[in-house]
Amino acid sequence: MFLIALLLGALTLFYIWLKWNYSYWKRNNVPGPEPRFFVGNLGSALNLSEHLGVVTADWYNNFPNEPYIGYFKMLQPAILLRDPDLIKDVEITNFNSFRNNDASISKRFDPLSATNPFFNEDDEWREGRKTISPMFSQSKLKGVLPVMNEVGADLVKFIKSHPVDTDFNAKDVSTRFTTENVIKSTFSIEPKCFENGEQNEFLTAGKQIFEPSFLAGLKFLAIPFLPKWAFELIPVSFVPPAMDKWFRSLVRTNKNSRSTDFQSNDLFQTLLQIQEKHKLDEIFLAGHTLSLFFDGTETSATALSYALYELGRNPQCQEKLYEEIVRITAKYNGKITYEGLHEMIYLEGVILEASRIHPPAMVLGKVCNQHYKLPKTSKQTKSVTIAPGTVVNISILGLHMDPKYYPDPEKFIPERFNEEEQRNRHKGTFLTFGEGPRICLGMRFAMLQLKIALAYITLNFHIKVSPRHKPIVIDPQTILSYPKDGILLQFDSR
């Protein structure tokens with residue numbers, strides 16, 4: 464009887480504490496969604512019925528006049544920023560207070576993924592970024608452009624090899640292109656991603672990580688939701704062990720095949736030079752090569768899928784893009800050159816506008832690492848100070864679709880990203896690549912390969928949305944904004 468009374472007393476005290484804990488934001492006059500016991504405000508994300516990016520966008524839209532809102536990451540109070548000035552302060556001005564991303568990977572269980580700059584923290588991130596940045600210099604990217612042109616031509620051949628009126632899944636076509644391009648630009652080997660028939664090992668590798676599934680959804684949820692210490696106890700790995708072994712073997716074989724007088728402009732050669740200069744180990748080499756493979760294939764393929772979709776939905780934009788590409792390539796003897804791509808302002812606008820409407824990553828999470836005073840709102844008598852360890856989220860999707868910053872946000876208008884429009888728009892309202900010191904390191908590479916793919920496709924085909932395409936619903940079982948039913952397109956030869 465005593466034990467039952469003790470248990471009831473403990474449960475009562477826990478219930479009282481829980482009620483008190485969940486009143487934290489109300490006590491501080493910070494508005495936000497009403498939490499539910501244990502799951503806080505993340506119930507639909509935790510049971511994989513709704514994507515976290517969609518959940519946070521809903522919060523963003525439900526509190527249109529607030530600079531920030533309070534929510535609960537299960538039991539932990541957290542913040543969602545809405546005000547661009549505040550976002551700029553967190554991302555740029557007061558970067559040192561928010562220098563780490565809300566994501567952890569165990570070096571013990573997943574050493575290759577742990578080298579990815581996205582997961583690095585503090586000085587490790589700073590030194591790692593400085594070390595690896597030469598890989599994405601202008602001269603290095605110009606060096607791999609001939610390879611990208613070859614891949615662009617192969618993409619056209621692949622599409623033309625199919626019968627007229629074939630329904631292509633845009634994600635499949637895009638992933639074949641980005642995987643072929645990244646592997647060829649990195650290793651100078653032929654991955655043969657455009658060949659039908661036997662399963663391709665490089666395409667399979669990407670699917671093992673990113674293809675939506677219940678287990679993949681749980682794995683992606685673990686990265687932002689599990690505390691850092693848990694990763695040293697629970698064997699949660701981003702990369703399956705078999706794939707870790709396969710990729711290390713790929714890197715080792717490619718390295719050993721290169722003689723001392725081997726000359727190449729590929730990205731792996733640059734990594735080898737960086738490794739030798741800084742006396743870095745094999746984990747560095749394999750880890751950063753893996754990071755390039757995943758960051759360069761999946762995110763870019765998602766962005767390319769949506770750009771093709773929007774061009775298919777907007778034939779007038781497609782024709783304007785075609786005219787720009789024809790006009791500028793004519794200046795360079797009909798060739799697609801690095802300089803010519805740089806001059807294609809409308810092409811860049813197409814990519815950025817598509818990623819505004821459909822950001823591949825829909826939410827950005829940061830962690831506060833020193834006390835930070837939030838601006839006082841009209842409903843507060845005193846400002847709120849958040850403590851170190853507090854998670855601060857930004858809804859990229861919410862910002863990108865806010866009519867305050869983008870009138871008629873559902874409309875595809877590439878001109879939003881001309882020089883004048885960008886100059887007049889707040890810096891904190893477009894975050895496809897992030898912002899500030901932790902802006903995407905591979906942004907230049909990503910933009911270059913996206914431009915190549917779109918230029919080759921637009922020059923050779925009319926893009927149409929298939930009559931069998933279904934409305935886009937984001938799959939909650941993956942980390943990026945992956946359409947549940949895909950994007951079905953058709954390509955008619957010009």
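Numbering follows the working numbering, with no gaps: position 247 of the sequence shown is 710.
Beta carbons are placed, not taken as given, at the ideal position from N, Cα and C, and that holds for glycine.
All values reported here derive from a predicted model rather than from experimental measurement.
Alpha carbon to alpha carbon, how far is Y945 from A633? Give it in angstroms, no decimals. Cα to Cα, A633 sits roughly 11 Å from Y945.
Within 8 Å, do at least three Cβ pairs link the stretch 740 to 760 to the stretch 772 to 787? no
Among S567, P574, S576, R571, which has the Cα closest to the Cα of D585? S567
Is the beta carbon of G861 closer than 7 Å to that of A520? yes
If we ignore side chains and look at the alpha-carbon of each, how far apart do P900 and R562 end up? 8 Å
According to the neighbour-count rule (16 or more other Cβ atoms, all chains shown, within 10 Å of its Cβ), is D744 buried or exposed? Looking at its Cβ environment, which holds fewer than 16 other Cβ atoms inside 10 Å, D744 is exposed.
What is the DSSP secondary structure of K708, reduced to helix, strand or coil? K708 sits in a helix when the DSSP states are folded into three classes.
Which ranges would you report for the beta strand (DSSP E) in the stretch 501 to 562 if only whole runs of at least 3 residues count? 531 to 536, 539 to 544
Spatial neighbours of P494 within its chain, please: CB distance less than 6 Å, with the 5 preceding and 5 following residues excluded, ordered by chain position. F526, E529, I532
Give the range of the alpha helix (DSSP H) segment to which V619 is assigned. 601 to 623
Given that a residue counts as buried once 16 or more other Cβ atoms are within 10 Å of its Cβ, and exposed if not, what is A668? Classified as buried, A668 has 16 or more neighbouring CB atoms from the shown chains inside 10 Å of its CB.
CB-CB under 6 Å to L815, same chain, minus the five flanking residues each way: which ones, in chain order? Cβ-Cβ distances below 6 Å link L815 to F880 in the same chain, with the five nearest sequence neighbours on each side left out; the list follows chain order.
Quick test of the definition: if touching needs 3 or more C-beta pairs under 8 Å, does the stretch 585 to 601 touch the stretch 932 to 940? no
Would you mind giving the Cβ-Cβ distance between L827 and I859, rounded to the nearest angstrom? I have them listed as a contact below 8 Å. 6 Å
Beta-carbon proximity of C831 to T848, cut-off 7 Å: no
Look up N856 in the DSSP assignment and give the residues it is bridged to. L543, G828
Where do the ends of the beta strand (DSSP E) carrying H821 lie? Element bounds for H821: n/a, residue is neither H nor E.
How close, in whole Å, do the beta carbons of Y809 and E787 come, if the pair is a contact with beta carbons under 8 Å? 5 Å
Have a look at the DSSP bridge pairing and note the partners of N632. L951
My parser needs the alpha helix (DSSP H) runs of 4 or more residues fully inside the stretch 728 to 815; what are they? If one requires a minimum length of 4 residues, the alpha helix (DSSP H) runs lying completely within the stretch 728 to 815 are 730 to 741, 745 to 757, 763 to 776, 778 to 794, 801 to 806, in chain order.
Cα-Cα separation, I950 to G891: 30 Å
For the alpha helix (DSSP H) containing F465, name the first residue and the last one. 465 to 484
In three-state DSSP terms, what is K647? helix
When the Cα atoms are used, what is the spatial distance from F657 to L943? Answer to the nearest angstrom: the Cα atoms are 24 Å apart.
Return the first residue and the last residue of the beta strand (DSSP E) that K489 is part of. Run containing K489: none in the beta strand (DSSP E); it sits in the alpha helix (DSSP H), 487 to 490.
How far does the beta strand (DSSP E) with F880 in it reach, from first residue to last? That residue, F880, is in no beta strand (DSSP E); it is neither H nor E in DSSP.
Would F665 pass as a contact of N717 if the rule is Cβ separation under 7 Å? no
Starting from I926, trace the beta strand (DSSP E) in both directions and tell me its first and last residue. First-last of the beta strand (DSSP E) with I926: 924 to 928.
Specify the secondary structure class of R931 as computed by DSSP and reduced to three states. Three-state DSSP puts R931 in coil, outside helix and strand.
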